[in-house]
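Working notes, beginning with the structure itself.
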Amino acid sequence: MLPYGRQSITEADVAAVVEALRGDWLTTGPLVPAFEAELARWTGGVPCVSVTSGTAALHVAYAAAEVRPGDEVIVAPMTFVATAATAAVLGARVVFADVEPDTAILSPDAARAVLTPRTKAIAAVDYAGHPADYDALRELGVLVIADAAHSIGATYKGEPVGSLADLTTFSFFPTKTVTTAEGGAVAARDPELYDRAARFRNHGLVRDPARQRDPEHGGWHQEVHDFGLNYRLPDVLCALGLSQLRRLADFRARRAELVARYDRLLADLPGLAVPARRDYVEPSWHLYPVRIFGGRRREVYDRMRAAGIGVQVNYIPAYWHPVFADLGYRRGMCPNAEAFYAEQLSLPLFPDLSSADQDRVVETLHEILG
Ligand SMILES: Cc1ncc(COP(=O)(O)O)c(C=O)c1O
53 MLPYGRQSIT
63 EADVAAVVEA
73 LRGDWLTTGP
83 LVPAFEAELA
93 RWTGGVPCVS
103 VTSGTAALHV
113 AYAAAEVRPG
123 DEVIVAPMTF
133 VATAATAAVL
143 GARVVFADVE
153 PDTAILSPDA
163 ARAVLTPRTK
173 AIAAVDYAGH
183 PADYDALREL
193 GVLVIADAAH
203 SIGATYKGEP
213 VGSLADLTTF
223 SFFPTKTVTT
233 AEGGAVAARD
243 PELYDRAARF
253 RNHGLVRDPA
263 RQRDPEHGGW
273 HQEVHDFGLN
283 YRLPDVLCAL
293 GLSQLRRLAD
303 FRARRAELVA
313 RYDRLLADLP
323 GLAVPARRDY
333 VEPSWHLYPV
343 RIFGGRRREV
353 YDRMRAAGIG
363 VQVNYIPAYW
373 HPVFADLGYR
383 RGMCPNAEAF
393 YAEQLSLPLF
403 PDLSSADQDR
413 VVETLHEILG
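At position 339 of the sequence shown the residue is numbered 391 (my numbering), and the sequence of numbers has no breaks.
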């Protein structure tokens, strides 16, 4: 089956991991800050805390934002459930605000409509690799979190993802543009948010005697002032991440090339719309999400899969998951997200997708819809 997404691993990646395996550290060692520093070159210098997954990154970001029971967090529903779940496990009430009908990205107007004095943060999702409208979101006057699991390397009005929101989270899952197998990171513009994120990743430990309440114990002493977890990304995976980041520009370029080719080859196909895009962004395409009209998405999904083409659907609106339904969230809440979901289909997109395989995807779609 041709997958919808797939990692691109070279001998250089393998060599980097092997070298780390032969080193002294395996877990937290010199490659962790090296990876974080390299990542910060893509965030416009905004410092990054590496963690064990994109989900961990969201959990860390909400914890750094001091999201607590009684707080509300506004979340875009067209996302993987983790964007909402990580706020919910901290005890916050997740408030879903609808997306733009064409890009499936959080509508700043919809977010404004559900703001209350209890709103602690807004989490936008750079769906498919297309940045949200961060200028408009920042105007709402609450802390903004960018779930940039899809959009590493993208720019918005010339500014890089990672520099646009108070906190930005990345995922390095294998289908994503850059992979560490499992992994993620949080970029934090404010030093205090950065410190809280770094502490939460490592049990909340305070090692600097100048910050300890009781520094007289001795050199071994460390203290916990706020609870945290172990979300440390090990050296071995940072080695892979460093090696992958060296090819991020190439990954982006190849993905953009494939997207332009899909756009061209699918432009005249009736019953299908290619992805929408605002002219003030330079996306970093993770997904190629088309829309299938006429109630035929299920049929197209089944027939593409039967033809060995691993199309995917991203995503059911997050509040349709039974866990939210059981909490009283009702269908109909975000009609744009629901309409988008009903028509959405992700076509294969990854750097090593050959033109011949892409042609097969396009021809099969023409056979079904043409
Ligand atoms: C938008 C979005 N947010 C968060 C995540 C969670 O990332 P991870 O799988 O690395 O935990 C994903 C990945 O599936 C995602 O697509």
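Every residue gets a Cβ at the ideal spot worked out from N, C-alpha and C, and that includes glycine.
State the beta-bridge partners of residue i as determined by DSSP.
i: SER102; result: ALA237
i: THR221; result: ASP199 and VAL238
i: ILE361; result: LEU54
i: THR207; result: PRO212 and GLU334
i: PHE148; result: VAL127
i: GLN396; result: ARG343
i: VAL258; result: GLU275
i: ASN282; result: ASN254
i: LEU401; result: In the DSSP output, where bridge partners are listed per residue, LEU401 has none listed.
i: LEU324; result: ILE344
Measuring alpha carbon to alpha carbon, tell me which of the options ends up nearest residue i.
i: PRO169; options: VAL194, PRO183, ASP150 and LEU189; result: VAL194
i: PHE392; options: TYR381, PRO369, PHE402 and ASP411; result: PRO369
i: GLY214; options: PHE225, ALA201 and PRO226; result: ALA201
i: LEU401; options: VAL98, ALA319, ALA305 and ARG355; result: ALA305
i: ASP154; options: ASP411, ASP404, SER407 and ALA389; result: ALA389
i: ALA134; options: PRO99, GLU191, SER223 and GLY347; result: SER223
i: PRO403; options: LEU310, LEU245, PHE345 and LEU91; result: LEU310
i: GLY97; options: ARG316, LEU285, PRO341 and VAL238; result: VAL238
i: TYR371; options: ALA140, GLY422 and LEU317; result: ALA140
i: GLY236; options: ARG355, ALA175 and CYS100; result: CYS100
Hey, quick one: how far does the alpha helix (DSSP H) through residue i stretch, first residue to last?
i: PRO85; result: 83-92
i: SER407; result: 407-421
i: GLN296; result: 287-297
i: ALA250; result: 243-253
i: GLU124; result: It is not in any alpha helix (DSSP H) - GLU124 instead sits in the beta strand (DSSP E) that spans 124-127.
i: ARG190; result: 186-190
i: ALA173; result: Premise fails: ALA173 lies in the beta strand (DSSP E), 171-177, not in any alpha helix (DSSP H).
i: LEU317; result: 300-318
i: LEU73; result: 63-74
i: ALA137; result: 134-140
i: ARG164; result: 160-165
i: PHE376; result: 374-377
Confirm, please, whether the CB-CB distance from residue j to residue i is below 9 Å.
i: LEU417; j: LEU324; result: yes
i: THR229; j: GLY181; result: yes
i: VAL288; j: GLY256; result: no
i: LYS172; j: ASP247; result: no
i: ALA184; j: LEU158; result: yes
i: VAL196; j: TYR186; result: yes
i: ALA240; j: ALA233; result: no
i: LEU54; j: GLY360; result: yes
i: VAL365; j: ARG349; result: yes
i: VAL414; j: TYR283; result: no
i: ALA301; j: GLY205; result: yes
i: GLY143; j: ARG164; result: no
i: TRP94; j: PRO212; result: yes
i: ALA198; j: THR221; result: yes
i: ALA291; j: PRO335; result: no
i: ARG313; j: GLN410; result: yes
i: VAL151; j: TYR179; result: yes
i: PRO341; j: GLN274; result: no
i: LEU83; j: ALA92; result: no
i: PRO129; j: ALA137; result: no
i: LEU352; j: LEU421; result: Before going further, note that residue 352 is Val rather than Leu in the sequence given. Result yes, Cβ atoms of VAL352 and LEU421 sit closer than 9 Å.
Taking the beta strand (DSSP E) that residue i belongs to, which residues open and close that run?
i: TYR340; result: 340-344
Taking Cβ positions only, does residue i come closer than 9 Å to chain D?
i: LEU399; result: No chain D appears in this structure, which consists of one protein chain only.
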